[in-house]
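Throughout the sequence shown, residue numbering follows the numbering used here, covering -18 to 325 in sequence.
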Amino acid sequence: MSTYLITGVAGFIGSHTARALLDRGHTVVGIDELNDYYDVRLKDHRLCGLLGRPESGLGDSPRRSEFLERTESCDRFTFLHRDVVDGAAMTDLFGEYSFDAVINLAARAGVRYSVEHPEVYASTNVSGAVNLLQARSKAGVKKYVLASSSSLYAGAPIPFREDYDVNRPLSPYAASKLGAEAMAAAFHHLHGIDVSVLRYFTVYGPASRPDMSPLRFLKWIDEGTPITLYGDGSQSRDFTYIDDIVAGTLAALSPLGYEVINLGGGNRPLAIRDMIAGFEEALGKSAVIDQQPFHAGDMPSTQADISKAKQLLNWEPSILPEEGFRRTVEWYQANRSWLKDIRL
């Protein structure tokens, strides 16, 4: 059994990845900044699940996590409130624990927010990644998995392939992800570390981020709140269910040298308006649409070429959007009692 460091462990992908490793018998040390980019009570919900705590432990504040300035453990999982931007804290962390691999899922996300706050994205997504790479290098940890994004492909022809030129990002968010990738490549070249860069495509599922459309639209339709829809809803996404993303992330822990790999729905994009229609049917309610102009930072469509993932990782998605959204709706309905208070 191995010991893994997961950054951003209170996040959507981070918490699910931690659970999968724990279920396989591994030990997980998870860190998270617990910023309030979105309602921290959803992050607390995820941490409560990993720590075996009842959901009644959720706090009342959407901006202040109950886990701030705390270290908690349960069986083979340890949570520490740490920020990857704090280089000294990262050095101390690698001195305290011996890791077999680092899965870096800590990142500021969101294209629109990055336009207004590019400095935040440069700090966490690039400088934070460098701090991890330096601390990892000094400690001799050989494997590094980095979460990247399909946003790098904005403006490229579809389906998106890993060998496309992505050196002209169209948003600060995409630029910060490109910077993190470049730093990982440099450390691979200089220090021989094994790096897997995973470009995720529109991840969704239970306990997803409230700033992304699936949870937002579910909640708005259920409550009768108008859905803010940018464009006419014809834009499509290569939705990828969280369990498939976790499976690909764990497969990428194998020795690969340096590889950039798409993890996406497999060139089966779904229009946003079709997702809304599916939610309407599942909830038995009609959506109220507040249509806004298409946002310049958004992409009309995302489609992943996953042939490389099939070849190197023996991976391809197994959950179709219809099934994945059904599971998401079931989770939402089972947790409606506290989700009603979550700030979007």
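Built from N, CA and C at the ideal position, the CB exists for glycine as well. Here the structure is a predicted model, which means the values were calculated and not measured.
query: Range of the contiguous beta strand (DSSP E) that encloses residue 60; result: 58 to 62
query: When 293, 276, 277 and 183 are compared against residue 249, the one with the closest alpha-carbon; result: 183
query: Start-to-end residues for the alpha helix (DSSP H) that takes in residue 289; result: 288 to 294
query: Helix, strand or coil at residue 198 [DSSP, three-state]; result: helix
query: The stretch 154 to 169 contacting the stretch 105 to 116, beta-carbon criterion three pairs below 8 Å; result: yes
query: Helix, strand or coil at residue 321 according to DSSP, with G and I counted as helix; result: coil
query: Other residues of its chain near residue 282: CB distance less than 7 Å, five sequence neighbours each side excluded; result: 139, 216, 217 and 250
query: Rounded distance between the beta-carbons of residue 33 and residue -4, thought under 8 Å; result: With a Cβ gap of about 13 Å, residue -4 and residue 33 do not count as contacting.
query: Beta-carbon gap between residue 110 and residue 85 smaller than 9 Å; result: yes
query: Same chain, Cβ closer than 7 Å to residue 169, five either side skipped, listed in chain order; result: 176 and 239
query: For residue -14, the residue or residues it bridges with in DSSP; result: 10 and 83
query: Element boundaries [alpha helix (DSSP H), containing residue 4]; result: -7 to 4
query: Whole-angstrom distance between residue 209 and residue 94, CA atom to CA atom; result: 16 Å
query: Residue 66 vs residue 44 beta-carbon contact at 9 Å; result: no
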